[in-house]
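Numbering (this note's numbering), first residue to last: 840 to 1076.
Backbone N, C-alpha and C define an ideal beta-carbon position, used for all residues, glycine too.
All remarks here apply to the structure that follows.
Shown next as structure tokens:
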């Protein structure tokens, strides 16, 4: 899919953008170890990810995908608590320390009041906060999210992105997310990985990218124009 590329992610919020089908989700799943790379290597803290166990990988990477929760009758607390599974042993017993972490992340994501609610009883935005809280409870240095603001209304989208930005800053995490929303990425993320094609992948700060012609290249072939001042997209006049 990608050829002769090398890039590294630093702490902070990084968005991945590109046209549909270019491989944004595939890249995230490959980093997470959910599918094997066709070639090349992925390293974290100078460790080859291919050489670490699935259990160890779960202490490095937490993942939030676009798939719906398969059992909607789990409570919000149960879903968030499942993030401690890499640390709770075979029986999955929750210790006092685990409980403190779970409660802290319920509070951090603003969903403590939903703890007893079933996932079938909450909104899409609340459900996404639940999944982010679970990823936080996994206590990994890297969080990977596939389209975290998709299917959400305008207010919920900004709430989710503000939450991710705050977590990245306060906890010095590396948070990487894919998105189709160019405006949202440039308005909220620190850095951005732009996939133009299989040979051209650019990783820069959003400030640098906005000052370049790259955003407009993403809109080639359309009647749209990127406004560098307002960080918005509009129709050409």
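*Measuring alpha carbon to alpha carbon, tell me which of 935, 981, 999, 938 ends up nearest residue 966.*
Ranking 935, 981, 999, 938 by Cα distance to residue 966 puts 999 first.
*Considering residue 826, what are the terminal residues of the alpha helix (DSSP H) in which it resides?*
Examination of residue 826 is not possible in this model, given that the chain is present from 840 through 1076 alone.
*Closest by CA to residue 944, which one among 912, 977, 1033?*
Restricting attention to 912, 977, 1033, the CA atom closest to the CA of residue 944 is found in 977.
_Within 8 Å, strictly: CB atoms of residue 883 and residue 866_ = By the CB criterion at 8 Å, residue 883 and residue 866 fall outside the cutoff.
_Alpha carbon of residue 1078 to alpha carbon of residue 1055, nearest angstrom_ = Outside the shown range of the chain (840 to 1076) lies residue 1078, about which nothing can therefore be said.
*If you compare alpha carbons, which of 1047, 1072, 902 is closest to residue 1058?*
The candidate whose alpha carbon is nearest that of residue 1058 is 1072.
_Option in 1035, 886, 894, 861 with minimal Cα separation from residue 873_ = Comparing Cα positions, the closest option is 894.
_residue 881: first and last residue of the uninterrupted alpha helix (DSSP H) it sits in_ = Note, residue 881: premise wrong, no alpha helix (DSSP H); not H, not E.
*Give every residue of the same chain whose Cβ lies closer than 6 Å to the Cβ of residue 1032, excluding the five residues on either side of it in the sequence, and list them in chain order.*
Taken in chain order, the residues that qualify are 855, 1042.
*According to the Cβ coordinates, are residue 958 and residue 948 closer than 8 Å?*
Contact flag unset, no.
*Start and end residues, beta strand (DSSP E) containing residue 851*: Its beta strand (DSSP E) spans residues 851-857.
_Please report the distance separating the alpha-carbon of residue 1026 from that of residue 1013._
Distance from the CA atom of residue 1026 to the CA atom of residue 1013, rounded to whole angstroms, is 18 Å.
*Using DSSP bridges, identify the partner residues of residue 1049.*
In the DSSP assignment, no residue is bridged to residue 1049.
*Which parts of the segment 910-992 are runs of the alpha helix (DSSP H), unbroken and 4 residues or longer, counting only runs that do not cross its ends?*
The qualifying runs are 915-920, 935-947, 963-976.
*How is residue 1039 classed by DSSP in three states: helix, strand or coil?*
DSSP, read as helix, strand or coil, puts residue 1039 in strand.
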